[in-house]
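Sequence order for the protein chains is A and B. Going by the numbering used here, the first sequence opens with residue 1, and the numbers climb by one from there. Going by the numbering used here, the second sequence opens with residue 1001, and the numbers climb by one from there.
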Amino acid sequence: SASPRFTTNLKSNTMSEERGGFGRGRGRGDRGRGRGRGRGRGQRREGGRDENVWVPVTKLGRLVKEGKIGSIEEIFLFSIPVKEAEIIDYFLKDKLQDEVMKIMPVQKQSSAGQRTRFKAFVAVGDANGHIGLGVKCSSEVATAIRGAILSAKLNVAPVRRGYWGRKSGLPHTVPTKVTGKCGSVRVRLIPAPRGTGLVSSPGGKRLLSMAGIEDCYTSTRGHTRTM
Amino acid sequence: TTCSSSSDLPPRVQLGFSLPLHKGDNDVDATDTSSFDGQDNILGHTSPNWCDWDGGKIGGLPSWLNPRDLPDGPLCCRGPCSKNIETKEGTPLRFIAQLYCPADDVTSNPAAFHRSVYVFACPKCCSDSSKLFQNQEHDDGNEEKEIPAELLSECVRVLRCQLPKQNDFYPLIGDGEADDEWEKHTSAYWSKNSKNDQLNLCAVCGQRSKGKCPKQGKWFCGPHHQKECLRASKQHQRTNPNETMPQTYLPSVFYESELVVEEEPDQVSNEAALNSGNGNDTDTMKSKSLFQSNDVTDSDANLEQSDLNKLTGNKSLAEAATGVTDPTTLAFYARMNIGGEENDVRDQCLRYSRWPSTQKQAIDKDEEKEEEEEGVLWVTSDHRPDESFPPKCQHCGAERAFEFQILPQMIHYLLNDPDASGDNNDSSNERHVLTESERAVLLEAKAKIESGMDLPEGFQEQHDAALASARDALLGISRKGDKGGASAEEGAKDGLDWGTIAVYTCTASCGDSGAYLEEAAWVQPPLD
Chain A
1 SASPRFTTNL KSNTMSEERG GFGRGRGRGD RGRGRGRGRG RGQRREGGRD ENVWVPVTKL
61 GRLVKEGKIG SIEEIFLFSI PVKEAEIIDY FLKDKLQDEV MKIMPVQKQS SAGQRTRFKA
121 FVAVGDANGH IGLGVKCSSE VATAIRGAIL SAKLNVAPVR RGYWGRKSGL PHTVPTKVTG
181 KCGSVRVRLI PAPRGTGLVS SPGGKRLLSM AGIEDCYTST RGHTRTM
Chain B
1001 TTCSSSSDLP PRVQLGFSLP LHKGDNDVDA TDTSSFDGQD NILGHTSPNW CDWDGGKIGG
1061 LPSWLNPRDL PDGPLCCRGP CSKNIETKEG TPLRFIAQLY CPADDVTSNP AAFHRSVYVF
1121 ACPKCCSDSS KLFQNQEHDD GNEEKEIPAE LLSECVRVLR CQLPKQNDFY PLIGDGEADD
1181 EWEKHTSAYW SKNSKNDQLN LCAVCGQRSK GKCPKQGKWF CGPHHQKECL RASKQHQRTN
1241 PNETMPQTYL PSVFYESELV VEEEPDQVSN EAALNSGNGN DTDTMKSKSL FQSNDVTDSD
1301 ANLEQSDLNK LTGNKSLAEA ATGVTDPTTL AFYARMNIGG EENDVRDQCL RYSRWPSTQK
1361 QAIDKDEEKE EEEEGVLWVT SDHRPDESFP PKCQHCGAER AFEFQILPQM IHYLLNDPDA
1421 SGDNNDSSNE RHVLTESERA VLLEAKAKIE SGMDLPEGFQ EQHDAALASA RDALLGISRK
1481 GDKGGASAEE GAKDGLDWGT IAVYTCTASC GDSGAYLEEA AWVQPPLD
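So this is what it looks like as structure tokens:
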């Protein structure tokens, strides 16, 4: 049982009582041993932060950081799930572009009326065989966009490319005719000869070029108004 | 900024970061005015000046708060590896981290004036080759998909020790008045004083020892560590005959670093985050998108991430998306990025939020949890504890509550030598790295298969088998469970893996005897 004298000491918070450690709130005093001060990261950086060092969170991330994975193709070859966006950043670095495809309001009926939030659709791609789509809903547009970019990076897929005719040079078009569907919309991609370019709606053009397809015919049917 | 729906602000989360140890001369900075004065590290409780104690430490050997009443050693796993008929007890656990977190003010218990918590993990069960993790792989039609999560939590053990201000080991005044000859904070002192040989700590794990090895002249807690030390010193002798073996050469000892405390930053303001110039209002940002729609009835409103993944054909062999659709995981990453670029906190190793208030506001189930929840930041939505967890304190009956969690980033610091240069050549050669030609062969084979041309019989199967074995070697998974492989894995440092370790402690912070009491932990399996 605490003696009265003891309790008083605790409350008076004299210098001899001050302790550091976790959970001490603001009473940690001058123990500014965080990373920025004294011997923190500031010293390692040598004046200013050049780059934020990536500390991996997944086993694959640790393998990538150690240099045990040669290319992103290896990851897709082995079908190892990529659960860390920095892995994508590591391999694709500056080549990765992102594009906000669409922002739309969505509403939910609640007892206090309607609640509007924003849903952002983002595509990321390196124009060289990798594309990712992300979606995020949030009450603020900026948060939604940021979240969608993160989600897109976490869901990158490889794009198979092929030839129209002669197998010379690098693949430049879709390997075969292929149809994708979403809801009532059907989109057909058809191989095109080199130099055709992307024959498509603006949205389709953007996506195909981000994926690394140079030449393609497209044909759509269904309720395509929104794109 | 989102407004908090509760009247009180949620408790501020503190983050733990790993800092390398300073070596002494090289690191002394003339302009450095911090409280260190160029001294060597005073990690854990190696110094009796407890005013300097802060944060904690990661890796190395545990620094005991109470150097005399150590737990009965060695601490062993109570999980799957202990159920093996051959061995009577589980694998000895390895020390992960310790924190200093006094609790006398919060609990009004003066016996918690000094308080430290220690975390130990099983190298066999919390690793890549652990049976507990293998269910997650695209295995050969194994029926059992569920990882028994409770089992995984038995592979981690947590000890808490606390002392009142007046105790047998540390001076009453903690700010440097103790002279250099103060020894009562060391186990060595008590082993001499009370003629207790067990307090000559084990050379490998730093716990109570059972005997001295005559050949090596060191104390050990048991045959496991005695063998490990012998093997390691022989190996070290072969490769570096002129140096003394560093402690971290032992597989059971992880690389040591300091654990420092920082406050979690506030959510970075939206303007800065998007690098947009001016006009950051909603309309301007909306106009930056390719397509706008103000039509609330637009059917795209129903598209979710998994739908998008189907569109990009993003599937692995196991038919699950290779990407991430779990909202908990996405929220985890979003929280890591909370500081944006100016205040990058992605390298945090530990999140501390002692006993957050348990009042749960009645949030609609479908309302997205944008406001950060106090308490544990889980990494996945499955493998979470149910209401029966955590159990009440077995020592005093009080409730347990969440205190802190260890994040997967800590593994990086545990396994990587901060002093070593970029190329690690010793133990990491165990992992098979594909050479350029091997890679090219596999990729070419894949291209052939995809092009649909006629292939010799069995090509596909051979290719699949080659892929599978290369993949397993890369990820360090041993499927056969052969003796040779198993012991190699057991020895290795790497392979350690987890999603997060959430530690729950007695809310009364009971115990005034200075003993090491056991607390509860919940382990989530790794993200991948």
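Glycine residues also receive a C-beta, built at the ideal position from the N, C-alpha and C atoms. The structure displayed is predicted, hence computed values, not measured ones.
Item                                                                                                                              : Value
N1109/B classed as buried or exposed, judged by whether at least 16 other C-beta atoms fall within 10 angstroms                   : buried
Nearest to N1416/B (by Cα), restricted to the options F1254/B, P1223/B, C1122/B, N1240/B                                          : F1254/B
Candidates P202/A, P191/A, P81/A, V53/A, of which the one nearest I213/A by Cα                                                    : P191/A
Interface flag, R1471/B vs chain A, CB-CB below 9 Å                                                                               : yes
Interface residues of chain B facing L92/A [CB-CB closer than 9 Å]                                                                : Under the 9 Å cutoff, chain B gives no residues; its nearest Cβ is about 15 Å from L92/A.
Status (buried if at least 16 other CB within 10 Å, exposed otherwise) for R1238/B                                                : exposed
C-beta neighbour in chain A for I1411/B, strict 9 Å                                                                               : yes
D1128/B: CB within 8 Å of a non-hydrogen atom of the ligand GDP                                                                   : With respect to the ligand GDP, the structure shown offers nothing to examine, as it has no ligands at all.
Inter-stretch contact (C-beta, 8 Å, three-pair minimum) for the segment 139 to 149 of chain A and the segment 59 to 69 of chain A : no
9 Å Cβ cutoff, T173/A in contact with chain B                                                                                     : no
Test item: CB-CB of S1350/B and A1097/B under 9 Å                                                                                 : The question names Ser, but residue 1350/B in the sequence shown is Leu. Going by C-beta atoms, L1350/B is nearer than 9 Å to A1097/B.
Any C-beta of chain A under 9 Å from that of Y1249/B                                                                              : no
Residue nearest to R161/A in terms of C-alpha spacing, selected from K153/A, G129/A, R186/A, G169/A                               : G129/A
M210/A in three-state terms, based on DSSP                                                                                        : helix
Alpha-carbon to alpha-carbon, F1332/B and V178/A                                                                                  : 36 Å
Chain A within 9 Å of H1236/B, Cβ atoms only                                                                                      : no
Test: M1245/B CB closer than 9 Å to a CB of chain A                                                                               : no
Supposed contact pair Q1348/B and L1308/B - C-beta distance, whole angstroms, cut 8 Å                                             : That belief does not hold up - the Cβ atoms of L1308/B and Q1348/B are roughly 30 Å apart, past 8 Å.
Listed by chain order, chain B residues near A85/A by CB distance under 8 Å                                                       : Y1333
Among A120/A, S110/A, T116/A, the one whose alpha carbon lies nearest that of D98/A                                               : A120/A
Endpoints, beta strand (DSSP E) assigned at H130/A                                                                                : 130 to 138
N-terminal and C-terminal residue of the beta strand (DSSP E) that F76/A is part of                                               : No beta strand (DSSP E) holds F76/A; the alpha helix (DSSP H) holding it covers 72 to 77.
Residues near P1067/B by beta carbon distance below 7 Å, same chain, minus five either side                                       : F1169, H1185, T1186, S1187, W1190
As assigned by DSSP and simplified to three states, the class of W1355/B                                                          : coil
Residues of its chain near H115/A, where Cβ-Cβ distance is below 6 Å and the 5 sequence neighbours each way are ignored           : It should be noted that the sequence gives Arg, not His, for residue 115/A. Once the five neighbours on either side are set aside, the close Cβ partners of R115/A are K108.
Where S1289/B falls: helix, strand or coil (DSSP)                                                                                 : coil
Opening and closing residue of the alpha helix (DSSP H) in which I1501/B lies                                                     : First-last for I1501/B: 1500 to 1506, but that is the beta strand (DSSP E), not the alpha helix (DSSP H).
Where C1396/B falls, given that 16 or more other Cβ within 10 Å makes a residue buried                                            : exposed
Which residues DSSP lists as bridging V187/A, in chain order                                                                      : G180/A, T220/A
Collapsed DSSP secondary structure at T173/A in the structure displayed                                                           : strand
CB contact check: H1114/B to chain A, cutoff 9 Å                                                                                  : yes
Beta carbon proximity, W1050/B to chain A, threshold 9 Å                                                                          : yes
Range covered by the alpha helix (DSSP H) that runs through D88/A                                                                 : According to the sequence provided, residue 88/A is Ile. The question's Asp does not apply to it. Looking at the DSSP string, the run of the alpha helix (DSSP H) that includes I88/A is 85 to 92.
Continuous beta strand (DSSP E) stretch holding M104/A: start and end                                                             : 97 to 110
Euclidean distance between Cα positions of F1404/B and R1354/B                                                                    : 7 Å
Straight-line gap, D215/A to L1311/B (C-alpha atoms, nearest Å)                                                                   : 20 Å
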